[in-house]
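Engineer:
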Amino acid sequence: MALLGVSLAVGCAGTPEAIAPLPPEPLSRAEVLADPDAVRGATVVWGGVIAAIDNRDDGTGLELVARSLDRAGRPRDSDRSEGRFRVWTPDFLDPQIYAPGREVTVRGEVDGVEHATIGEYPYPFVTLRATGVHLWPVREPPREPLYHDPWFWPGLYDPYWRSYPWRPAPGY
Numbered sequence: 002m003a004l005l006g007v008s009l010a011v012g013c014a015g016t017p018e019a020i021a022p023l024p025p026e027p028l029s030r031a032e033v034l035a036d037p038d039a040v041r042g043a044t045v046v047w048g049g050v051i052a053a054i055d056n057r058d059d060g061t062g063l064e065l066v067a068r069s070l071d072r073a074g075r076p077r078d079s080d081r082s083e084g085r086f087r088v089w090t091p092d093f094l095d096p097q098i099y100a101p102g103r104e105v106t107v108r109g110e111v112d113g114v115e116h117a118t119i120g121e122y123p124y125p126f127v128t129l130r131a132t133g134v135h136l137w138p139v140r141e142p143p144r145e146p147l148y149h150d151p152w153f154w155p156g157l158y159d160p161y162w163r164s165y166p167w168r169p170a171p172g173y
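Per the working numbering, the very first residue in the sequence shown carries number 2; after that it's consecutive.
1) Could you check if Val-45 is buried or exposed, using at least 16 other CB atoms within 10 Å of its CB as the buried criterion?
2) Three or more beta-carbon pairs under 8 angstroms between the region 34-53 and the region 87-107, yes or no?
3) Output the boundary residues of the beta strand (DSSP E) element that contains Asp-112.
4) Taking DSSP's pairing of strands, which residues face Phe-126 in a bridge?
5) Under 7 angstroms Cβ to Cβ from Glu-18, same chain only, skipping five residues before and after it: list those, please.
6) Quick check on Glu-18: does DSSP put it in helix, strand or coil?
7) Just to confirm my understanding: we take Arg-130, look at its own chain, exclude 5 residues before and 5 after, and list those with CB closer than 7 angstroms. What are they?
8) So who's on the other strand from Leu-70, going by DSSP bridges?
9) If we count Cβ pairs, one from each stretch, closer than 8 angstroms, do we get three or more for the region 123-143 versus the region 80-96?
10) Would you please state the rounded distance, in angstroms, between the beta carbons of Ile-20 and Gly-74? I believe it to be under 8 angstroms.
11) Mind checking whether Ala-67 and Trp-47 have CB atoms under 9 angstroms apart?
12) Tell me which same chain residues have a C-beta within less than 6 angstroms of the C-beta of Arg-72, skipping the five on either side of it?
13) Anyone know if the C-beta pair for Tyr-124 and His-116 falls short of 9 angstroms?
14) CA-CA distance, Asp-78 and Val-105?
15) For Asp-55, which three-state DSSP category applies?
16) Cutting at 6 angstroms between CB atoms, please list the residues of its own chain near Asp-55, excluding the five before and the five after it.
Right, here's the structure in full:
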């Protein structure tokens, strides 16, 4: 019974320590933009893909393209986004590791709204003060499914099949 309990606890430990626990009622970017002063200091767990990184002498700033999170807190692999937000952490984050395109989940407090530009387009960025940053491992590319049609055997339909150098070995 104890072994079952330990294996269940290990199997359910999916949220990284830096971002745990996930809030039960998460604030959205739109709710923060609607009234930033009312939610200043609220703790949120947001995630996304790194768009830019800026290291300074007192810490690191990340600009993230927001993505919805799965149960473990990892950003979902999709083309949908609520927009962008900026995160400030007092730690140094290496730009070779925290490179654009990598997935990150951040736990932090809402600090306000910063008006800046993306290219020449004016854009309101929600800013967070990070208390925890988790960099996710790079996703493995999807593999082609291995499918073998049991009713197709090339030797039955092509008399020259045995002379092809790329044919499968006998017994395939």
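Positions of the beta carbon are idealized from the N, C-alpha and C atoms, including for glycine.
Structural biologist: In brief:
1) For the purposes of this step, residue 45 is taken as the residue at position 44 of the sequence shown. It is buried - the Cβ of Val-45 has at least 16 other Cβ atoms within 10 Å.
2) Yes, the region 34-53 is in contact with the region 87-107.
3) Here residue 112 corresponds to residue number 111 of the sequence shown, with the count starting at 1. Boundaries of the beta strand (DSSP E) harbouring Asp-112: 104-119, taken from the DSSP string.
4) Here residue 126 corresponds to residue number 125 of the sequence shown, with the count starting at 1. DSSP lists Glu-115 as the bridge partner or partners of Phe-126.
5) Locating residue 18 in the sequence shown gives position 17, counting from the first residue. Answer for Glu-18: no residue qualifies.
6) As a first step, residue 18 must be located in the sequence shown, where it is residue number 17. It is coil, neither helix nor strand.
7) Here residue 130 refers to the residue found at position 129 when the sequence shown is read from its first residue. Excluding positions up to five away in sequence, the list reads Trp-89, Gly-109, Glu-110, Asp-112.
8) Your numbering for residue 70 matches position 69 in the sequence shown. Beta-bridge pairing by DSSP links Leu-70 to Pro-76.
9) Three or more Cβ pairs closer than 8 angstroms define a contact, and the region 123-143 meets that threshold against the region 80-96.
10) Within the sequence shown, residue 20 is the residue found at index 19, counting from 1. Within the sequence shown, residue 74 is the residue found at index 73, counting from 1. Indeed, because the Cβ distance is near 5 angstroms, the residues count as touching under 8 angstroms.
11) Taking the sequence shown and counting its residues from 1, the one referred to as residue 67 is at position 66. Taking the sequence shown and counting its residues from 1, the one referred to as residue 47 is at position 46. Cβ atoms of Ala-67 and Trp-47: closer than 9 angstroms.
12) Here residue 72 is taken as the residue at index 71 of the sequence shown, counted from 1. Cβ neighbours of Arg-72 beyond the five flanking positions: none.
13) The count along the sequence shown starts at 1 and reaches residue 124 at position 123. The count along the sequence shown starts at 1 and reaches residue 116 at position 115. Yes, the Cβ-Cβ distance between Tyr-124 and His-116 is below 9 angstroms.
14) Counted from its first residue, the sequence shown places residue 78 at position 77. Counted from its first residue, the sequence shown places residue 105 at position 104. So the two alpha carbons sit approximately 12 angstroms from each other.
15) On the sequence shown, residue 55 is found 54 positions in, with the first residue counted as 1. Residue state, collapsed to three classes: strand.
16) Taking the first residue of the sequence shown as position 1, residue 55 is located at position 54. Answer for Asp-55: Gly-62, listed in chain order.
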